[in-house]
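Residue numbers (our numbering): 39 to 230.
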């Protein structure tokens with residue numbers, strides 16, 4: 039007989055009692071989606087990795103306050119977005135004191151243009167431009183857009199994570215899309 043796979047909530051309860059293996063299972067289940075969320079949110083692979091790491095550390099420390107009536111994934115995303123916001127504020131302070139730091143575009147460095155077909159290269163460049171534009175959005179617009187458009191959450195789910203109403207999420211996503219359309223050069227997305 040095959041044992042049933044424990045739910046996130048059951049694993050969280052075990053982890054809250056000190057079971058590190060249960061928490062490791064939770065990390066395994068959520069690390070890719072959390073990284074993807076933070077990659078879109080920050081626009082930077084290294085920042086996303088660091089924020090995800092900090093989010094898991096904070097989640098481990100806060101397991102005693104986790105409410106099992108709430109989705110563990112939503113609770114973890116809330117922590118992750120808060121960690122990304124914290125890191126963004128710290129970076130802003132560093133830039134203020136130490137000057138502007140050029141963004142590290144790991145994709146542009148990793149891609150060998152000769153190895154990709156022209157259309158694949160244009161697609162990678164377009165995604166890079168989109169990621170940069172999303173990362174530059176104000177936090178109030180960026181978070182709802184990333185959660186709904188890229189992570190596929192409903193307005194209700196995103197609202198629960200962000201602590202706002204679903205109507206507020208809807209409005210902010212609309213404004214974010216409008217801001218993106220205004221900031222992106224339509225020519226960058228056309229075949230040349």
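Don't be surprised by glycine CBs; every beta carbon is placed ideally from N, CA and C.
Just so we're clear, the structure is a prediction, and the values are computed from it rather than from any experiment.
Check                                                                                                                                                   : Outcome
For residue 179 and residue 108, what's the separation of their Cα atoms in angstroms?                                                                  : 24 Å
Note the first and the last residue of the continuous alpha helix (DSSP H) segment covering residue 182.                                                : 177-183
In the stretch 71-99, which residue ranges form an unbroken alpha helix (DSSP H) of at least 4 residues, counting only runs that do not cross its ends? : none
Look at the alpha carbon of residue 53 and the alpha carbon of residue 94, and state the distance between them as a whole number of angstroms.          : 12 Å
Which of the three DSSP states, helix, strand or coil, is assigned to residue 189?                                                                      : coil
Would you call the CB atoms of residue 106 and residue 195 closer than 8 Å?                                                                             : no
Using the three-state DSSP reduction, which class does residue 105 fall into: helix, strand or coil?                                                    : coil
For residue 43, count the other beta carbons within 10 Å of its own beta carbon; 16 or more makes it buried, fewer makes it exposed. Which is it?       : exposed
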